[in-house]
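Going by my numbering, the first residue of the sequence shown is number 184, and it counts up by one from there.
From the three backbone atoms N, C-alpha and C, an ideal C-beta is built for every residue, glycine too.
Step one of this worksheet: look at the structure below.
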Amino acid sequence: MADDQIAQQLERIIRRVKRSMNYRGSYSTRDILGSLVARWVQSGEWERLKQLPDDQRHLGESVRRFILDRLDQLRRRGKREELDDAAIALPDDQLLVEMVELAELRAWIARRVAELAAGVVDARVRVPLAEPAEAGAILQLHLGGRTQREIAAARGVSLGLVNKRIAEGTSYLAVLQGIERGVL
């Protein structure tokens, strides 16, 4: 693979990791759907479907059934909003695949940040981390939706240090993702 192709792939990976790191969530339909897709991925159904040939996966059907099951559970728990099941429009399979990949990336990031918070650093990554556990703890707060000022106040450190640890941690994660994807 040519150097420019590797650079382009790595740039895409870095953008995806950074976009996922800055995800704060909201209450838009797409974010709610993304949250449900993330739960669907956690259910193990995606792992099962990946074992099937492409023509037997039926991704949209599986996600739709999962969402309808969750809505039925809400109804049984006493939430009686009338929802027209047919009105639940899911995106096409290509967009669902992208949402599944993003959910997998977010889960991967959460696992790697937890490892950092525990002081565990992957030896394959040559990005220097002065304080891996501190970077991991700060990234956990950042991913939890706390602002950098709130993190600095909670941790009793400067805003500059918080910014530095977020940058270091994000760079570490981007490089690790590149290694695991075979780009580096």
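Notebook entry, point to check: Straight-line CA distance for Ile292 to Arg199?
Noted result: 11 Å
Next item on the list: Thinking Glu196 and Gly328 are a contact (beta carbons under 8 Å), I'd like their distance in whole angstroms, please.
Entry: Looking at the sequence provided, one finds Ile at residue 196 rather than Glu. Wrong, their Cβ atoms sit about 24 Å apart, outside the cutoff.
Checklist line | Same chain, Cβ closer than 7 Å to Gly302, neighbours up to 5 away in sequence not counted | finding: Pro315, Ala316
Next item on the list: Let me know the secondary structure DSSP gives Glu284 once reduced to three states.
Entry: helix
Note to self: I need the boundaries of the alpha helix (DSSP H) containing Gln239, first residue and last residue.
What the structure shows: Premise fails: Gln239 is in no alpha helix (DSSP H) and is neither H nor E.
Item checked: Through-space distance from Val345 to Arg332, alpha-carbon basis -> 8 Å
Notebook entry, point to check: Would you call the region 280–296 and the region 219–226 in contact, with 3 or more CB pairs under 8 Å?
Noted result: yes
Notebook entry, point to check: In chain order, what residues of the same chain have a beta carbon less than 8 Å from the beta carbon of Arg309, not counting five sequence neighbours either side?
Noted result: Val358
Checklist line | Cβ separation of Arg240 and Leu232, assumed to be a contact under 8 Å, to the nearest whole Å | finding: 5 Å
Check: According to the neighbour-count rule (16 or more other Cβ atoms, all chains shown, within 10 Å of its Cβ), is Gly352 buried or exposed?
Finding: buried
Checklist line | Ala318 and Leu312 closer than 9 Å at C-beta | finding: yes
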